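When you line the sequence shown up against this note's numbering, it's residues 94 to 860, in that order.
Positions of the beta carbon are idealized from the N, C-alpha and C atoms, including for glycine.
Keep in mind it's a predicted model, so treat the numbers as computed, not measured.
Reviewing the structure listed below.
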Amino acid sequence: MTKTGEVIIGAGQSLIHESAAKHVTGEATYIDDQPTYHGQLFACVGGSTIAHGEITTLNLEAVRSALGVVDVITAQSVPGKLDIGPVFPGDPLFSEGLVEYWGQPIFAVAAISHELAKKAVQLAKIDYKPLEPVLDLNEAINQEFYVRPPHRMQRGNAEQAIDNSVHRIQSTLLVGGQEHFYLEGQASTVVPQEDGGMLVYTSTQNPTETQKLVSDVLNLPMSKVDVVTRRMGGGFGGKETQAAPWSCVAAIFANRTRKVVACRLSRRDDMVMTGKRHNFINQYDVGFDDDGMISGIHYTLAGQCGYSPDLSDAIVDRAMFHCDNAYYLPHATVDGLRCKTHTVSNTAFRGFGGPQGVIAAEAVIDEIAFKLKKDPLEVRKRNLYNTIDRNITHYHQKIDSFSISAIVDQLEKESDYWSRRKGIQEFNAQSPILKKGLALTPVKFGISFTVSHLNQAGALIHLYTDGSIQVNHGGTEMGQGLMTKVAQIVASQFQVSTDSIIVTATRTDKVPNTSPTAASSGTDLNGMAALNAARVLKQRLIDFLSEKYNTPAEHIRFRNGNVKVADQTLSFAQVTNEAWLARVSLSSTGFYKTPKIHYDRETASGNPFYYFANGASVSEVVVDTLTGEYKLLRTDIIHDVGNSINPALDIGQIEGGFIQGLGWLTCEELKWNDEGRLLTDGPATYKIPAISDTPEIFNVSLLQNSPNSEATVFRSKAVGEPPLMLAISAWCGIRDAIASIDGRTTFPQLNAPATPEEILKTIHCDR
Ligand code: MTE
Ligand code: QUE
Ligand code: MOS
C-alpha cells in the first residue's frame with residue numbers, strides 16, 4: 094500500500110504458482126498428455142550393449158518385420174547433419190559404427206504404439222568388435238584422456254606461497270555424480286507441417302537449440318521449424334542439451350512418414366541414455382598459518398565428462414570459478430581437467446559444476462580446522478572475502494558487494510551455534526554409538542552465463558482491446574515459477590491484476606534466438622526483457638492519453654486496474670480500446686542484455702559474473718556409528734534473494750534446492766558394472782530423497798533489506814541453483830560427527846555421497 098492507501102500490484106507478493114492448482118489436479122498438460130493424432134506413431138531408440146567397440150553387423154530384419162512397426166532408422170537415414178553436438182562436435186545422433194558408451198543410440202523404431210516399438214527394439218541383432226573401454230575417472234586422469242584440453246586459472250604464486258607456509262595439507266576428495274530424476278522424462282512430439290516444415294512440442298529448457306538441431310538433421314532452414322514448450326515436469330539442467338536428440342529422432346520419422354511421431358523415453362532408457370551431473374576427483378595442496386588463514390592453494394579439479402564434450406568445458410570452468418566458494422585465496426592456481434570415459438556424456442545439473450567446486454573449498458576449510466584443532470566456523474570466518482582488501486577472486490573479478498559476513502553472523506546467532514556446539518560435545522561424550530555433528534557453511538554463487546553471448550533475452554507483449562494481456566518470452570517453465578514472476582513484473586508496470594495476464598507457452602516463432610533457461614538467470618534475463626516491452630507499451634498509452642485528454646504525462650496514473658487521467662478514471666480495458674480506435678500499436682517486443690560482464694578465457698580473467706547470490710546454512714546431524722545411518726535433525730538457512738519478486742516461490746526454490754543437494758551428497762549413488770553398464774537405472778536402485786529425509790526442524794528465511802546492488806529486475810537476485818549448495822552443511826555435519834568418535838584424532842576422509850556404506854568405510858579406515 095502507498096501512503097494514499099492505493100494497492101501496489103506486482104513484485105514482492107507471494108502469489109501462488111500460475112499452475113499450482115493444475116499440477117495437483119492433473120490438469121497441467123505435459124508432452125505425453127496431449128491428445129494423440131489419427132495415425133500417430135511412437136518411437137523407441139535401440140542402444141549399444143557394450144561400452145566401447147566397433148559394430149561389425151547390424152541386422153535389423155526382425156525389427157523391421159515386427160508387429161506394428163512402420164519404420165526403422167539408423168545413422169544412414171539422417172538426411173542432414175548427423176552430429177548434434179551442442180557446442181563442439183562429437184555427438185552423433187546414432188552411432189555410425191564406433192560405439193563409445195553402453196546404451197549409445199544405434200537405431201530407432203517407429204510403431205503404432207509405444208509398447209510395440211519397445212518390443213521391436215529388443216529384436217535387433219548386433220555384433221561388435223570390442224575395444225578396451227576407459228570407465229574410471231582415475232584411469233582417465235592417469236592416461237590424460239580428455240574430451241577438451243585442460244585449462245588453468247591463476248593469481249599470484251601459489252607454489253611459493255605454499256612452500257613458505259607454516260602448515261600444508263595435500264588431500265583428495267571424491268565427489269559423486271547425480272541423476273536428474275525429473276518426474277517427466279525426456280519427451281517430444283513432432284507434427285509435420287506444410288512445405289516440409291516441422292512443429293515440435295517438447296520438454297526442453299532450450300527450444301532454440303532444439304529448433305537448430307532439428308533443422309540441421311533434416312536439412313531445413315530454421316525458419317521452417319517451430320518449437321513449443323509449455324512446461325517441463327522438471328529439468329534441473331538435464332533438458333538443456335539432452336532433450337534435443339529425442340526431438341531429432343521424432344522429426345526424422347515425421348519427415349519420412351509425414352505422420353505425427355512421439356518419442357518419449359522410458360525411465361530406464363532415460364537413465365541409461367542421458368547424461369548426469371559430473372563426478373569429480375578434486376585434489377588440493379594448501380598452505381596456511383597458525384590461525385587457519387589460507388596463504389596459497391593449488392587445486393586440480395578433474396570432471397568425468399563421459400564420451401563427448403557436451404557442455405563440459407563450461408561446466409568444469411564453473412567448478413574452477415567456485416573452488417574459492419566464499420573465501421579469499423591470496424595465491425591460487427586452479428587446473429581443470431575434462432576427462433573422457435566410455436560412459437554417457439555428462440551434462441548440466443543445477444549448479445553446473447559450481448557445487449563440485451564449492452564442496453572442495455569446504456573440505457579444505459574442514460581439514461585446516463581439524464589440523465589446527467579449531468572450530469571450522471572460526472576458520473571459515475577468518476577466510477571470508479571482504480570488500481576492502483581481501484576482495485579479488487582467482488579469476489581477477491573484484492568483489493564489490495558481499496552479504497555473506499552479515500548472513501553468517503546472523504545465522505550464528507539465530508541458530509545458537511555455540512551453545513548447540515557445547516551441547517553436542519556433551520552429548521557425544523556420553524553417547525558411544527550415536528554421534529552428533531554440526532556445521533555452518535556459506536555459499537557464494539556467480540550469476541551469469543560465463544559464456545557472454547548467452548546473457549540476452551527477448552519478450553513479446555500484446556495488449557488486447559478488452560484489457561487482457563498476453564506475454565511471451567524466451568524462458569521456459571520447469572516448475573521454478575518463471576511464468577508467475579514474469580506475470581508479476583508485467584502486472585506491476587500496468588498496475589493490473591495478474592489475473593488479466595497470461596504468459597503463453599514458449600515458442601521459437603514468437604521470440605527467436607533464445608538462450609537456454611539456465612544458469613539461474615531466467616527471471617533476470619526474461620523478466621527484464623518483458624519489463625522493457627511493457628515500458629514501451631506503457632509509454633505509448635501515456636503519450637496517447639496525454640494528447641487525447643490534454644493532460645501532462647505526470648498526471649496519468651496506473652492504479653488498481655484503472656488509469657487516472659487528471660480527474661477521470663478509465664478502466665485499463667477502456668484505455669486499450671480507445672488506443673486501438675486511435676490506431677496506436679498495442680504490441681511490442683522487448684530486449685535485454687546483461688551489462689558489465691566481460692571475460693577473457695585466454696588470460697582467465699575478467700568479470701564473468703554480474704553479481705553473486707549468497708546464503709548460508711547450519712545443519713545438525715546424528716550418525717549411528719554401528720550402521721552408518723544418519724538423520725538430519727535441524728537445518729537453518731538464511732539466503733539472499735535481494736528484493737524478492739515472490740517470497741513464496743523463492744522459499745520453495747531454497748527448500749527444493751537444499752533437498753536436491755542433500756540427495757546428491759547423501760543418498761543418491763550411481764553405480765556401473767565392470768562392463769560400463771549403468772546398474773542404478775530405476776527408482777528401485779537409485780534413491781532420491783523422500784519427504785522423510787527433510788530435517789525435523791527446517792527454518793528457511795530470506796535475508797531482509799538487501800536489494801541487489803546491481804540494477805537487476807526490481808533489484809532481485811537469481812535463486813534457482815545456489816540453494817543446492819546449502820546442503821554441504823549436512824555433509825560437513827556428518828564429517829564432524831564421525832570426527833568426534835575418537836576425539837578428533839583421525840581426520841574422516843569422507844567422500845560424497847555420504848551413504849551409510851561410505852560413512853562406515855570412513856569410520857573403519859585407519860582406526
Ligand atoms: N525448480 C524446479 N521446480 N524445477 C527445475 O527443473 N531447475 C533448476 C532451478 N530450479 C529447476 C528448478 C535449474 S538447474 C535452474 S538453472 C533454474 O531453476 C532455471 O530457472 P530460473 O533461471 O528461472 O531460476
Ligand atoms: C552456466 C550455465 C551455462 C553456461 C555457462 C554457465 C549453460 C550453458 C552454457 C553454454 C556454453 C556455451 C555454448 C552454449 C551454452 O554455458 O547452461 O550453447 O555455446 O548452456 O556459467 O548454466
Ligand atoms: Mo540449470 S543446471 O543452469 O539448467
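- Note on geometry: alpha-carbon atoms of G620 and G105 lie some 14 Å from one another.
- According to the DSSP assignment, R475 belongs to the alpha helix (DSSP H) that extends over P469 to N476.
- Taken through DSSP and simplified to helix, strand or coil, M246 comes out as strand.
- Taking the C-beta atoms as reference points, Q449 is found no nearer than 8 Å to A499.
- Its Cα nearest to that of L292, the residue L313 stands out among L313, Q298, I166 and E277.
- As a beta-bridge residue in DSSP terms, A425 pairs with R248 and I390.
- Considering only A454, S281, Q169 and G539, the residue with the shortest C-alpha distance to D319 is S281.
- Within the stretch 709–793, complete alpha helix (DSSP H) segments of at least 4 residues are found at 740–755, given in chain order.
- With 16 or more other CB atoms across the displayed protein chains lying within 10 angstroms of its CB, F542 is buried.
- DSSP places N670 in the uninterrupted alpha helix (DSSP H) bounded by F665 to L674.
- L404 has its CB nearer than 7 Å to a heavy atom of the ligand QUE.
- Take S170, set aside five residues on each side of it, and the residues of its chain with a beta-carbon closer than 7 Å to its own are I345, in chain order.
- For P179, the CB falls within less than 7 Å of some heavy atom of the ligand QUE.
- Put simply, the stretch 655–667 touches the stretch 628–645. At least three CB pairs are less than 8 Å apart.
- DSSP links L531 through a beta bridge to E713.
- In this structure, the ligand MTE has a non-hydrogen atom nearer than 7 Å to the beta-carbon of Q746.
- C858: not part of any beta strand (DSSP E); DSSP gives it neither H nor E.
- Secondary-structure assignment with DSSP links T129 through no beta bridge to anything.
- Excluding sequence positions up to five before and after A598, its CB lies within less than 7 Å of the CB of V321, T322 and R323, all in the same chain and listed in chain order.
- Put simply, the stretch 663–673 does not touch the stretch 683–699. Fewer than three CB pairs are less than 8 Å apart.
- No heavy atom of the ligand MTE is found nearer than 7 Å to the CB of A337.
- Taking a 10 Å sphere around the C-beta of Q797, we find fewer than 16 other C-beta atoms and assign the residue as exposed.
- In the three-state scheme derived from DSSP, where H, G and I count as helix and E and B as strand, V156 is classed as helix.
- Here R248 is buried: its Cβ has 16 or more other Cβ atoms, across all protein chains shown, within 10 Å.
- For V214, the closest C-alpha among the options A233, V192, I255 and F135 is that of F135.
- Residue pairing for P402: DSSP places it in no beta bridge.
- Between the C-alpha atoms of F200 and D164 there is a straight-line separation of about 11 Å.
- By alpha-carbon distance to R727, the top candidate from S508, Q573 and L758 is S508.
- Between A623 and V677, the C-beta gap is not smaller than 8 Å, which leaves the two residues out of contact.
- Between the C-alpha atoms of T265 and D459 there is a straight-line separation of about 13 Å.
- Taken through DSSP and simplified to helix, strand or coil, F495 comes out as coil.
- Secondary structure at Q449: helix, using DSSP grouped into helix, strand and coil.
- By the C-beta criterion, the stretch 467–479 is judged not to be in contact with the stretch 438–453, since fewer than 3 inter-stretch pairs fall below 8 Å.
- Counting C-beta pairs with one atom in each stretch, the stretch 768–779 and the stretch 361–376 have three or more that are closer than 8 Å, which means they touch.
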